[in-house]
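Asker: As you go down the protein sequences, you meet chains A and B in turn. Read in order, the letters of the first sequence correspond to residues 1 to 325 in the working numbering. Read in order, the letters of the second sequence correspond to residues 1001 to 1325 in the working numbering. Backbone N, C-alpha and C fix where the C-beta goes; we use that ideal spot for every residue, glycine too. Only a predicted model underlies this, so the values are computations on that prediction, with no experimental measurement involved.
Protein chains: 2
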Amino acid sequence: MNILVTGANGYIGRELVARLCTLSALPGYPDIQRITLSDLAFSQVPDDPRLHCIPGNFSEPATLAAITDPAPDLVFHLAAVASGQAELDFPLGLQINLEGALRLLERLREQGNNPTLVYTSSIAVYGAPLPPMVDDTTPLSPALSYGAHKQLVEILLADYTRRNFVQGRAIRLPGIVVRPPAPNGAWSIFSSTLIRSLAAGQPCTLPVNAQATLWLMSLHCCIDNILHAATLPAAKVSGGNAWTLPALRVSVGDIVGAFDARSAGAASPLVHYAPDPAIQAQFGNLPPLNSAAANAAGFRHDGDLNTLLDRAVLACATHSPTIAS
Amino acid sequence: MNILVTGANGYIGRELVARLCTLSALPGYPDIQRITLSDLAFSQVPDDPRLHCIPGNFSEPATLAAITDPAPDLVFHLAAVASGQAELDFPLGLQINLEGALRLLERLREQGNNPTLVYTSSIAVYGAPLPPMVDDTTPLSPALSYGAHKQLVEILLADYTRRNFVQGRAIRLPGIVVRPPAPNGAWSIFSSTLIRSLAAGQPCTLPVNAQATLWLMSLHCCIDNILHAATLPAAKVSGGNAWTLPALRVSVGDIVGAFDARSAGAASPLVHYAPDPAIQAQFGNLPPLNSAAANAAGFRHDGDLNTLLDRAVLACATHSPTIAS
Chain A
1 MNILVTGANG YIGRELVARL CTLSALPGYP DIQRITLSDL AFSQVPDDPR LHCIPGNFSE
61 PATLAAITDP APDLVFHLAA VASGQAELDF PLGLQINLEG ALRLLERLRE QGNNPTLVYT
121 SSIAVYGAPL PPMVDDTTPL SPALSYGAHK QLVEILLADY TRRNFVQGRA IRLPGIVVRP
181 PAPNGAWSIF SSTLIRSLAA GQPCTLPVNA QATLWLMSLH CCIDNILHAA TLPAAKVSGG
241 NAWTLPALRV SVGDIVGAFD ARSAGAASPL VHYAPDPAIQ AQFGNLPPLN SAAANAAGFR
301 HDGDLNTLLD RAVLACATHS PTIAS
Chain B
1001 MNILVTGANG YIGRELVARL CTLSALPGYP DIQRITLSDL AFSQVPDDPR LHCIPGNFSE
1061 PATLAAITDP APDLVFHLAA VASGQAELDF PLGLQINLEG ALRLLERLRE QGNNPTLVYT
1121 SSIAVYGAPL PPMVDDTTPL SPALSYGAHK QLVEILLADY TRRNFVQGRA IRLPGIVVRP
1181 PAPNGAWSIF SSTLIRSLAA GQPCTLPVNA QATLWLMSLH CCIDNILHAA TLPAAKVSGG
1241 NAWTLPALRV SVGDIVGAFD ARSAGAASPL VHYAPDPAIQ AQFGNLPPLN SAAANAAGFR
1301 HDGDLNTLLD RAVLACATHS PTIAS
């Protein structure tokens, strides 16, 4: 089988590719023969003869044709302009996050191969302020163009799936920790900055206060869920194709407390709070989350904060500076 | 002020243009100086020096540039490929109903004039089957590409409005009666066929049974609501920009009964029922509708079935064959 990964040099893409390289097949699919990686540029590509890196903007025709030759059987569509950057540069966000996704869907439709397509949507589809509890009936009301475009692609994916052009599965990611230290334009990056700083015993300044609540998932757990989306039997995805993933809901104070417990109280003095009301409202006020549909479909969060932090701290150690994707 | 009407040669567009020609200004706007009409071709254009017809496909760059020169202050975006045609010809529906709308929004954003834009969405955004009651909290779950694309444009319009690129107002139209006799690819056309046939004393065959329930609005009332959307004070549209219009909920039997009352029972024998389960499920099973938000914003339905039928029968008399738009 042929796999295509867009955004393959992003922090999620690289981890997904590394995991795929450890596998000879995915449940329910034939052997992995080829993994095509699409991104603007590449770094840290594993040594695996099945990998084919194609640099370029996937939303442009020549690159799109190249990354879909041969026609993929499974697509992980991760490529995106992050929240803050998409808000500041509207045309770029539109081009990549909506029009690029549409061009990719159209290309896959025209190829007629009906591939499985896993799309990393975002909790940004809910917007802000959120109701006192979020569940599978909560209306979507994106407050940023990034979230609006994520919702648009979910709807396109549902329609393309209904028409058997692709077999789409959208998963709405919570905050994934830790991101690499290089800023990528995501306004939610402070949760990664906090964990990275405390893991290294370094001071940090946060744009939210200690009471800020977050929905978090480790990068390791995120990859588990992305692969689970790809390997769900088709029968299980009928009637719905967008899941809000389960996430651990923790406060900034919970995280600092967990690091204090690991360091005899050395963490608290390292954290300086300088709340930005807009960031706090949009990214630091997450209510309880009931992700019943995703739980029933077999998606999982990290289980508990210490497991999440163990995984996140481990990931910090493996990062090195990379080309922003 | 300059007004742009897309789909100006459609059955709603022609009626809107005729009404605009009777007006020197709209409440809250300066005098109407120019009305640009966009459609593939034109027929029955009123004699008014303010009208400028620009034939062509608005989704193509040259035509789009022409119809937005000079930059409009108010846009009525009616152009669409109808439900059945968009389902049968996916690329055409995508091009006109989604990509065309996006190109228009992008053009208006780039012009920087922040025009008011009234978009005729559809109750097709709800999909089928519907819950036992539809209100402003009913989730959208389009069952056809036509409805999916309408929902997508609503979301785009909300984002463009939030960012002050346009002042968008989307109104979800119910079944509008009567449409012209020429088929335009709308699978809901049978309600117009029924009324037109009984008004003329002609037999007809329906793809639904007598118990089928419909949400209807006369074309006259539809134009009232389109103009109301354009003239709502901006303060009233904050917090929401898509309204499900109020509609009369009637059964096919109600309509036949009303014509029987007007014709000493001559209507019933004219109607033959040959239900198509798919059409009945999608277009003939409309539950009670509570359009509270639209009512509060001043949108109105026809009031009662006899008023609706009076208006619809009057409209039948004014139709003549036209070029399909």
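Distance cutoff 8 Å, beta carbons only. Does G239 (chain A) sit that close to anything in chain B?
Answerer: Below a pLDDT of 50, predicted positions are generally treated as unreliable, and G239 (chain A), at 49, falls in that range; the measurement from the model is reported next regardless. Output row for G239 (chain A): interface = no.
Asker: Can you pull the chain B neighbours of L289 (chain A), defined as C-beta to C-beta under 7 Å?
Answerer: Within chain B, no residue comes near L289 (chain A); the closest Cβ sits about 18 Å away, beyond 7 Å.
Asker: Would you identify the three-state DSSP class for A1296 (chain B), choosing helix, strand or coil?
Answerer: Helix, per DSSP.
Asker: Using a threshold of 8 Å, state whether the C-beta atoms of S83 (chain A) and W187 (chain A) are closer than that.
Answerer: In this structure, W187 (chain A) lies closer than 8 Å to S83 (chain A) by Cβ.
Asker: Is the segment 285-304 of chain A in contact with the segment 124-137 of chain A, if contact means three or more CB pairs nearer than 8 Å?
Answerer: As far as the Cβ criterion goes, the segment 285-304 of chain A touches the segment 124-137 of chain A, which means the pair count is three or higher.
Asker: Is it the case that the segment 1164-1175 of chain B contacts the segment 1117-1124 of chain B, given that we only count it when at least three CB pairs across the two stretches are under 8 Å?
Answerer: Touching, yes, given that three or more Cβ pairs across the two stretches are closer than 8 Å.
Asker: Reducing DSSP to helix, strand and coil, say where I1032 (chain B) ends up.
Answerer: In the structure shown, I1032 (chain B) sits in coil (DSSP, three-state: anything other than H, G, I, E or B).
Asker: Using the Cα positions of G1239 (chain B) and R1262 (chain B), report the straight-line distance between them to the nearest angstrom.
Answerer: The predicted position of G1239 (chain B) is uncertain, since its pLDDT is 49 and thus under 50; a value taken from the coordinates is nonetheless stated next. Roughly 45 Å between the two C-alpha positions.
Asker: Taking the DSSP output, what are the residues bridged to Y119 (chain A)?
Answerer: DSSP lists A:H77, A:A170 as partners of Y119 (chain A).
Asker: Rank A:I255, A:L270, A:P30 by C-alpha distance to the C-alpha of T205 (chain A) and give the top, closest one.
Answerer: T205 (chain A) has its Cα closest to that of A:L270, out of A:I255, A:L270, A:P30.
Asker: Would you kindly check if the distance between the Cβ of M1001 (chain B) and the Cβ of D1031 (chain B) is under 8 Å?
Answerer: In this structure, M1001 (chain B) lies closer than 8 Å to D1031 (chain B) by Cβ.
Asker: Please list the partners that F283 (chain A) has in chain B, where partner means a Cβ-to-Cβ separation under 9 Å.
Answerer: Residues of chain B passing the Cβ test: none, with the nearest at roughly 18 Å.
Asker: To which residues does DSSP link I1003 (chain B) through a beta bridge?
Answerer: The partner list for I1003 (chain B) (beta bridge, DSSP) reads B:I1035, B:L1074.
Asker: Which residues, in order along the segment 118-135 of chain A, keep a beta-carbon less than 8 Å from a beta-carbon of chain B?
Answerer: Cβ contacts with chain B: none found.
Asker: Beta carbon of L1173 (chain B), beta carbon of L1216 (chain B): below 8 Å?
Answerer: For L1173 (chain B) and L1216 (chain B), no; Cβs fall outside 8 Å.
Asker: Cβ of L1102 (chain B) within 8 Å of Cβ of H1077 (chain B)?
Answerer: Contact: no.
Asker: Does the Cβ of Y273 (chain A) have 16 or more other Cβ atoms within 10 Å, making it buried, or fewer, making it exposed?
Answerer: The residue in question, Y273 (chain A), is exposed, as its Cβ has fewer than 16 Cβ neighbours within 10 Å.
Asker: Chain A partners of L1152 (chain B), CB-CB under 8 Å?
Answerer: Simply L152, I155, L156.
Asker: Relative to the C-alpha of G1007 (chain B), which residue among B:D1310, B:Y1126, B:I1096, B:A1234 is closest?
Answerer: If we check each option's Cα against that of G1007 (chain B), B:I1096 comes out closest.
Asker: To which residues does DSSP link S1218 (chain B) through a beta bridge?
Answerer: In DSSP, S1218 (chain B) forms a bridge with B:V1177.
Asker: In the structure shown, what three-state DSSP assignment does R1107 (chain B) receive?
Answerer: Looking at R1107 (chain B) - three-state DSSP - the assignment turns out to be helix.
Asker: Using the C-alpha atoms, what's the distance from D1039 (chain B) back to R14 (chain A)?
Answerer: So the two alpha carbons sit approximately 48 Å from each other.
Asker: Kindly indicate if chain A contains any beta-carbon less than 8 Å away from that of S1145 (chain B).
Answerer: For S1145 (chain B), the answer is yes, since a Cβ of chain A falls inside 8 Å of its Cβ.
Asker: Is it true that the CB of L16 (chain A) sits closer than 8 Å to the CB of I195 (chain A)?
Answerer: Not closer than 8 Å, so no.
Asker: Among all the DSSP beta bridges, which residues are the ones paired with C1316 (chain B)?
Answerer: According to DSSP, C1316 (chain B) bridges with nothing at all.
Asker: Of all Cβ atoms in chain E, is any one closer than 8 Å to the Cβ of R103 (chain A)?
Answerer: Here chain E cannot be found, since the structure's protein chains are A and B.
Asker: Identify, in the order they occur along the chain, each residue of the same chain with its Cβ nearer than 6 Å to the Cβ of V1178 (chain B), setting aside the five sequence neighbours on each side.
Answerer: For V1178 (chain B), where only same-chain residues beyond five positions count, the Cβ hits under 6 Å are S1192, I1195, R1196, A1312, A1315, C1316.
Asker: Here's the rule: buried if 16 or more other CB atoms are within 10 angstroms of the residue's CB, otherwise exposed. What is Q1282 (chain B)?
Answerer: That one is buried.
Asker: Look up R1249 (chain B) in the DSSP assignment and give the residues it is bridged to.
Answerer: R1249 (chain B) pairs with B:W1215.
Asker: For a quick check, are the C-beta atoms of A1266 (chain B) and G1201 (chain B) less than 8 Å apart?
Answerer: Yes.
Asker: Would you kindly report the start and end of the unbroken beta strand (DSSP E) that includes Y273 (chain A)?
Answerer: First-last of the beta strand (DSSP E) with Y273 (chain A): 271-273.
Asker: Taking the alpha carbon of L1219 (chain B) as the point to measure from, which residue in B:H1301, B:P1061, B:V1075 has its own alpha carbon closest?
Answerer: Nearest C-alpha to L1219 (chain B): B:H1301.
Asker: Is H1301 (chain B) helix, strand or coil when you go by DSSP?
Answerer: Residue state, collapsed to three classes: coil.
Asker: Please list, in chain order, all residues of the same chain as E154 (chain A) whose beta carbon is under 6 Å from its beta carbon, the five residues on each side excluded.
Answerer: Closer than 6 Å at the Cβ level, and outside the excluded window around E154 (chain A), lie S121, A170, A242.
Asker: Give the interface partners of R163 (chain A) over in chain B, defined as CB-CB distance under 8 Å, in chain order.
Answerer: By Cβ distance, chain B contributes F1090, S1145.
Asker: L1157 (chain B) to L1108 (chain B), Cα distance in whole Å?
Answerer: Straight-line Cα distance between these residues: approximately 12 Å.
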